[in-house]
Amino acid sequence: ALRSLPSHPAIPLIVANSLAGFTSHPEFPNVTGIVHVIPADPALLIPLAEAMAGRLRWVHSFFAGVDALAGFSKAVLIPHAVPLTNGRGA
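Below you can see the structure in the form of structure tokens.
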């Protein structure tokens, strides 16, 4: 479903399920946000954020519950004041 989203030249969209899949994409150096969609493994988020080398500005979870992202939030989002939004009320 995500692969069928319309593209916009100013907003690169990378759909991948592995760190290598993200980091090998030619647009990866321009990415500043993450949209987390279950069943994606939340364990991938910390190394993905580290690979972004300080560019991470926003994270969105498609689902209202963000309990699975607690470790990521504590390790990355809170210390770097990166906002987390979710699908609550969608």
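The working numbering numbers the first residue of the sequence shown as 119 and each following residue consecutively.
Don't be surprised by glycine CBs; every beta carbon is placed ideally from N, CA and C.
Bear in mind the structure is a predicted one, so any value in this text is a computation, not a measurement.
**Message:** With H, G and I counted as helix, E and B as strand and the rest as coil, what does DSSP make of Thr141?
**Reply:** helix
**Prompt:** Could you give the residue range of the alpha helix (DSSP H) that holds Ile132?
**Reply:** Taken as a continuous stretch (DSSP letters only), Ile132 belongs to no alpha helix (DSSP H), as it is neither H nor E.
**Prompt:** Using DSSP with H/G/I as helix, E/B as strand and the rest coil, what is Val194?
**Reply:** helix
**Asked** In chain order, which continuous runs of the beta strand (DSSP E) of length 3 or greater are located wholly inside the region 153-202?
**Response** 176-179
**Message:** Residues in the same chain with beta-carbon distance under 6 Å from Thr150, minus the five sequence neighbours each way, listed in chain order, please.
**Reply:** Arg173, Arg175
**Message:** Taking the straight line between their C-alpha atoms, what separation do you get for Ala171 and Leu202?
**Reply:** 18 Å
**Prompt:** If you count every other CB in all the chains shown that lies within 10 Å of the CB of Ser179, and 16 or more means buried, which is it?
**Reply:** buried
**Request:** Would you kindly check if the distance between the Cβ of Ala186 and the Cβ of Pro165 is under 8 Å?
**Result:** no
**Message:** Contact defined as beta carbons within less than 8 Å: I believe Val194 pairs with Ala169. What is the distance between those atoms, to the nearest angstrom?
**Reply:** That belief does not hold up - the Cβ atoms of Val194 and Ala169 are roughly 12 Å apart, past 8 Å.
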